[in-house]
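J.:
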Amino acid sequence: MSNKYVYFFGDGKADGDASLRNLLGGKGANLAEMINIDLPVPAGFTITTEVCTYYYDNDRTFPPELKAQVEESMKKTEEAMGAKFGCTENPLLLSCRSGARESMPGMMDTVLNIGLNEDTVAALAKQANNEAFAWDSYRRFIQMYGGVVMEMKPQKKEDEDYFEEILHHKKQEAGVKFDSELTAKQLEELVGEYKACVKKVTGKDFPTDPMEQMWGAIGAVFGSWMNDRAMVYRRQYGIPHAWGTATNVQAMVFGNLGDDCATGVGLTRDCSMGGGGFNGDYLINAQGEDVVAGIRTPKRIEVTLPEEMPEAFKQLDEIGKKLEQHYKDVQDIEFTVQRGKVWMLQTRNAKRTGFAAVRLAVDMVNEGLITKDVALSAKRIPADDLNQLLQPIFDPAEKTKAVENGTQIATGINAGPGAATGKVCFHAADAEALHEKDPNVQLILVRRETSPEDLRGMRIAQGILTAFGGASSHAALVSRQMGKVCIVGCSDLDIDYHDAVIKVGGKTIKEGDWISIDGFTGEVFEGQVPTKPSEVIEVLLSKTLKPEESEIYQRYEQLMTWVDEARTLKVRANAERDEAEIAVAFGAEGVGLCRTEHMFFSHLDEIREMILAEDKETRTKAVEKLLPFQREDFTELFRTMAGRPVTIRLLDPPLHEFLSEHHLHEQPDLGHKLADIMGTSLEAIERRVEELKESNPMLGHRGCRLGIVYPEITAMQARAIFEAACAIKKEDNAEIIPEVMIPLVGFETEYKNQAAIVHEQAKAVMKEQGVEFEYLVGTMIEIPRAALTADQIANEAEFFSFGTNDLTQTTLGISRDDYGGFIGYYQENDIIPNDPFQTIDQTGVGRLMEQGVSLGRGTRNDLKIGICGEHGGDPASVMFCHRIGLNYVSCSPFRIPIARLAAAQAAIAEKNA
Ligand code: PEP
Ligand code: MG
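Using UniProt numbering, the first residue of the sequence shown is number 1, and each one after it goes up by one.
1) Just to confirm, is the Cβ distance from Gly885 to Arg572 under 8 Å?
2) Considering only residues of the same chain and omitting the five flanking positions on each side of Ala100, which have a CB-CB separation below 8 Å?
3) Please list the segments of the beta strand (DSSP E) lying wholly inside the segment 238-321, counting only runs of 3 or more residues, in order along the chain.
4) Count the other C-beta atoms from every protein chain shown that fall within 10 angstroms of the C-beta of Ile831, then say buried if there are 16 or more, exposed otherwise.
5) Which ranges would you report for the alpha helix (DSSP H) in the segment 545-592 if only whole runs of at least 4 residues count?
6) Tell me the DSSP secondary structure of Gly866 in three-state form.
7) Determine which residues share a DSSP beta bridge with Asn349 and list them.
8) From the DSSP output, read off the bridge partner residues of Ala419.
9) Should residue 918 and Phe802 be called a contact, given that it needs their Cβ atoms to be closer than 8 Å?
10) Determine the DSSP secondary structure at Ala125, reduced to helix, strand or coil.
11) What number of angstroms, rounded off, separates the C-alpha of Asn440 from the C-alpha of Pro836?
12) Going by alpha carbons, who is nearest to Val337 out of Leu369, Gly255, Ile166 and Asp136?
13) What do you reckon, is the C-beta of Glu782 under 7 Å from a heavy atom of ligand 2?
14) Compare the beta carbon distance of Ile509 and Ile502 with 8 Å and say whether it is the shorter of the two.
15) In the DSSP assignment, find the unbroken alpha helix (DSSP H) run with Tyr825 in it and report its ends.
16) Taking all protein chains shown into account, do 16 or more other C-beta atoms lie within 10 angstroms of the C-beta of Leu403, making it buried, or fewer, making it exposed?
17) Rounded C-beta distance between Leu627 and Ile607? I'm assuming under 8 Å.
18) DSSP beta-bridge partners for Ile728?
19) Under 6 Å, CB to any heavy atom of ligand 1. Which residues pass, going along the chain?
20) Identify the continuous alpha helix (DSSP H) that holds Gly216 and give its terminal residues.
21) Taking one C-beta from the segment 426-437 and one from the segment 445-457 each time, how about it: are there three or more such pairs within less than 8 Å?
22) Which of the three DSSP states, helix, strand or coil, is assigned to Asn3?
23) Buried or exposed for Ser681, please, with buried defined as at least 16 other CB atoms from any protein chain shown within 10 angstroms of its CB.
24) Who are the near neighbours of Ala500 in its chain, counting only those whose CB is closer than 8 Å to its CB and skipping five residues on each side?
25) What residue does the beta strand (DSSP E) around Thr779 start on, and which one ends it?
26) So, is Lys328 buried or exposed, given that buried needs 16 or more other C-beta atoms within 10 angstroms?
27) Do Pro743 and ligand 2 come close, with the Cβ less than 7 Å from some heavy atom?
28) What are the start and end residues of the alpha helix (DSSP H) that includes Val623?
29) Please report the distance separating the alpha-carbon of Met252 from that of Leu545.
30) Do Arg577 and Leu637 count as a contact pair if the criterion is CB distance below 8 Å?
31) If we call anything under 8 Å between Cβ atoms a contact, is Leu776 one with Gly707?
32) Need the endpoints of the beta strand (DSSP E) that Asp496 sits in, please.
33) List the endpoints of the continuous beta strand (DSSP E) containing Glu597.
34) Alpha carbon to alpha carbon, how far is Met780 from Leu593? Give it in angstroms, no decimals.
35) Can you grab the Cα-Cα spacing for the pair Leu323 / Ile840, in whole Å?
36) In whole angstroms, give me the CA-to-CA distance for Met74 and Ala18.
Next up, the structure:
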């Protein structure tokens, strides 16, 4: 830890720059950087993230050197701005804002207008020649400081904020609609009422000493790093608690001095769909938080600012261009126009939807602004964001019907693309409760505006709908980042939290009623409007759109071409006959796992016969009935995969999955039917079912253990695979190299036993059919013992595939079916950071995998190794698989584009390491 805790910026020079992001946080580093490239930024200073760490390590106290350093930077700030903090003639006012390494929009606290008291407010009024402005600034200060520093929060979720309630009454009393219509006198009264409220609620006087105010604000901003919503946010986005936030203290500039002033937030390009240029929201004669809080619905920069403030628009446009050229990325900026001059308060790389991420990245490469490697990086396109391109939209015919039926009830601002339908829910806590009862519940969270407290509910809901706010409001930003469908500023909605109803156009919609929202257009419908797949899906799968009809598909295709050039890791699909076509459309380079048991589900009578057989002869007869079905399934699978490698796994699950007490109970006729088929009694059937029952089936008679005890099953499956291969070979001598995979192997001897049966069948089928074909036999590595003895298993096995579902289950001793009850608690309490069944536990399971790879390749140096557990579609796990040298990952078809991108990102990261 260095001893420099405070970094000054202003007057054309800055102590820091963008490279000090870890120390100064994103906001602080970029304020310094903007000064360094000669942009207009009000002076101030950044207190480093190290102070935050110190603060929490030392019982919420500051390092002793901090005070003197703050005072020194304060002097420089005063000089740069030509004003003095606490001065009764020319007072400097300050803002105090958080700024972590990664942006956490709205999660932490901000205090504006610090330094106001009865004396300085008078000076401010005189200086600005505007009494109403000065008193309005003071009342805003009390409101923010009271809430943030003095912690005056409403007790119940449906209660109004203390200050908002007083303000509301004042406006009613004055007969006005907006805050800006209150007179100086009314605002002065408001200040008195606010102070009285502070005294009543906290028992303390509102502080008048500017220095005390400033230190209070600094403490509160550091304190907000550990508030509940910031912690939830960090957990969701994997931001370590240990990073801490920086605090930025900066001179205030005012967007609310009159009609030549404004405040706004903007994006240098559209971040919703990725097209278009400079855009954003602004409010004339307003202070910054008014735009983001969604209290007044702002105007659009690109629509009205060029006419209303041509000079300011020109400055902004130039600043935007300079920033994009400098940062080589779309910027999300905050600015204030004070008496016609633009001041920059923040710039950061803009958050964007998956749609915009793809489009912007591709367009910027085509413009020559960035390289393909940069475009493909995880920072530009988080691999999971590709999901959004695969998001549903409303079925156009159904939507037309809904419009014709008059069910469209309102239109708002389209802030998060996609279409969603769900039941109306007003509070995040209710959404959580409903979700806990039914994880499949579909909800639309409806709010007047959202605040960070709503985060948990937003995560659960299918869509978010707000009555106030613009495209840069909290609801819009957070939804976009989460990839949620979102509409904001839907001002026709009259939302009544108390009665839990929405009134709109003479209709009343109750909590729990269905509504549907179109995040592309901003339309709101009552009732359920069926959704349908995205354009990418339409081009790729349903072929109802031509590539040239979809701009987003064209960008997707271009991107995926670059992705495939960059990656070395292959991507296969976990697919059976029915999903193979989808998998190929998404770019699967083979099948990494065909679970044969899934194919059995359409031939239950035959498989049940096999299970019920009590001797080998009866069992062989039953098994033979399954042969033609399996052969046909495999033939069709091979045909669709057209020469790509296909790994077929022999039967894996315990037999009771096909026949158990539960089945007999659910289907009262089943026992009799099976007794007839088997020529036996109901009691005999029940007895056999009882015999099959296991207390711990996941660790019981499953996997290769079945094939070892019942070799006729393995023989039949191997024969079906090879006969299918022959059938394909005979069709124009088509290419096919089947890969037969043996599950749940722990001992080399288990492998040998099963492989021998497979080889025997291969030989027999080739001879019978007079066809020669190549094939491989390999194994899953999904038991720790297999990973630890991989050198022995590789003596015989020709390929490995990590079954990380079972490997996680058996390494952690956590049942993959029963962990839901505690995993949430574990994650919330930082016992383990991620769900290990979604993302590989790299230090535990991952270590076994590394060992498996090195032992396996020690024996057979060209051993082909893949993964086919669910982790094969998780970006972090895919990157890990690349690092440990796997040849391919295999995942469910819809995750293939994500896995391809993650594989490219891994290769690029390695190249640049
Ligand atoms: C695995 O265990 O990771 C695997 C792919 O097999 P299954 O999920 O079928 O047990
Ligand atoms: Mg398994």
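Cβ atoms here follow ideal geometry from the backbone N, Cα and C, with glycine treated the same way.
No experiment lies behind these values; they were computed from the predicted model shown.
T.: Looking at the atomic coordinates:
1) Here residue 885 corresponds to residue number 885 of the sequence shown, with the count starting at 1. Here residue 572 corresponds to residue number 572 of the sequence shown, with the count starting at 1. No, the Cβ-Cβ distance between Gly885 and Arg572 is not below 8 Å.
2) Here residue 100 is taken as the residue at index 100 of the sequence shown, counted from 1. Counting only Cβ-Cβ distances below 8 Å, and skipping sequence neighbours, we find Gly25, Gly26, Thr49, Met108, Trp225, Ile239, Trp243, Gly244, Thr245 and Ala246.
3) 245-251, 262-267 and 279-284
4) As a working mapping, residue 831 is identified with position 831 in the sequence shown. Note on Ile831: under 16 other CB atoms within 10 angstroms of its CB, so exposed under the neighbour-count rule.
5) Counting only runs of 4 or more, we get 551-566 and 580-585.
6) What you label residue 866 is simply residue 866 of the sequence shown in a count that begins at 1. Strand, per DSSP.
7) Against the sequence shown, residue 349 aligns to sequence position 349. Looking at the DSSP assignment, Asn349 forms a beta bridge with Gln331.
8) Counted from its first residue, the sequence shown places residue 419 at position 419. For Ala419, which the question treats as bridged, DSSP gives the partners Asp518.
9) With the chain represented from 1 up to 913, any question about residue 918 goes unanswered, as that position is not in the structure.
10) The residue given as residue 125 occupies position 125 in the sequence shown. Residue state, collapsed to three classes: helix.
11) Position 440 of the sequence shown, counting from 1, holds the residue named residue 440. Position 836 of the sequence shown, counting from 1, holds the residue named residue 836. Asn440 and Pro836: Cα-Cα distance of roughly 22 Å.
12) Sequence index remark: in the sequence shown, residue 337 carries index 337 (1-based). Among Leu369, Gly255, Ile166 and Asp136, the Cα nearest to that of Val337 is on Gly255.
13) What you label residue 782 is simply residue 782 of the sequence shown in a count that begins at 1. Answer for Glu782: yes, Cβ within range of ligand 2.
14) Here residue 509 refers to the residue found at position 509 when the sequence shown is read from its first residue. Here residue 502 refers to the residue found at position 502 when the sequence shown is read from its first residue. Yes.
15) Sequence index remark: in the sequence shown, residue 825 carries index 825 (1-based). Looking at the DSSP string, the run of the alpha helix (DSSP H) that includes Tyr825 is Gly820 to Glu828.
16) Position 403 of the sequence shown, counting from 1, holds the residue named residue 403. Residue 403 is actually Val in this sequence, not Leu. Exposed.
17) Taking the sequence shown and counting its residues from 1, the one referred to as residue 627 is at position 627. Taking the sequence shown and counting its residues from 1, the one referred to as residue 607 is at position 607. Wrong, their Cβ atoms sit about 12 Å apart, outside the cutoff.
18) Residue mapping note: residue 728 aligns to position 728 of the sequence shown, counting from 1. Per DSSP, none; premise fails for Ile728.
19) Leu593, Arg595, Asp652, Glu782, Gly803, Thr804, Asn805, Asp806, Cys868 and Gly869
20) Looking up residue 216 in the sequence shown gives position 216. Looking at the DSSP string, the run of the alpha helix (DSSP H) that includes Gly216 is Pro210 to Gly223.
21) Yes, since at least three Cβ pairs between the segment 426-437 and the segment 445-457 fall closer than 8 Å, the two stretches touch.
22) Along the sequence shown, one-based indexing puts residue 3 at 3. DSSP places Asn3 in coil when its eight states are reduced to three.
23) Locating residue 681 in the sequence shown gives position 681, where the first residue counts as 1. Its Cβ having fewer than 16 others within 10 Å, Ser681 is exposed.
24) To locate residue 500, count along the sequence shown from 1; it is residue 500. Excluding positions up to five away in sequence, the list reads Phe426, Lys510 and Glu511.
25) Numbered from its first residue, the sequence shown carries residue 779 at position 779. It spans Leu776 to Ile781 - the beta strand (DSSP E) in which Thr779 sits, taken as one unbroken run.
26) Position 328 of the sequence shown, counted from the first residue, corresponds to residue 328. Label assigned to Lys328: exposed.
27) As a working note, residue 743 is residue 743 in the sequence shown. Pro743: yes, Cβ under 7 Å from ligand 2.
28) Looking up residue 623 in the sequence shown gives position 623. Where Val623 is concerned, the enclosing alpha helix (DSSP H) stretches over Lys616 to Met641.
29) As a position in the sequence shown, residue 252 is number 252, starting the count at 1. As a position in the sequence shown, residue 545 is number 545, starting the count at 1. C-alpha separation (whole angstroms): 53 Å.
30) Stepping through the sequence shown from its first residue, residue 637 is reached at position 637. Stepping through the sequence shown from its first residue, residue 577 is reached at position 577. With contacts defined as CB atoms closer than 8 Å, Leu637 and Arg577 qualify as a contacting pair.
31) As a first step, residue 776 is located in the sequence shown; it is residue number 776 there, counting from the start. As a first step, residue 707 is located in the sequence shown; it is residue number 707 there, counting from the start. In this structure, Gly707 does not lie closer than 8 Å to Leu776 by Cβ.
32) For the purposes of this step, residue 496 is taken as residue 496 along the sequence shown, with counting starting at 1. That run of the beta strand (DSSP E) goes Asp494 to Asp496.
33) Stepping through the sequence shown from its first residue, residue 597 is reached at position 597. It is not in any beta strand (DSSP E) - Glu597 instead sits in the alpha helix (DSSP H) that spans Thr596 to Phe600.
34) Taking the sequence shown and counting its residues from 1, the one referred to as residue 593 is at position 593. Taking the sequence shown and counting its residues from 1, the one referred to as residue 780 is at position 780. Using only the alpha carbons, I get a separation of about 10 Å.
35) On the sequence shown, residue 323 is found 323 positions in, with the first residue counted as 1. On the sequence shown, residue 840 is found 840 positions in, with the first residue counted as 1. Cα to Cα, the separation comes out at about 39 Å.
36) The count along the sequence shown starts at 1 and reaches residue 74 at position 74. The count along the sequence shown starts at 1 and reaches residue 18 at position 18. Met74 and Ala18: Cα-Cα distance of roughly 22 Å.
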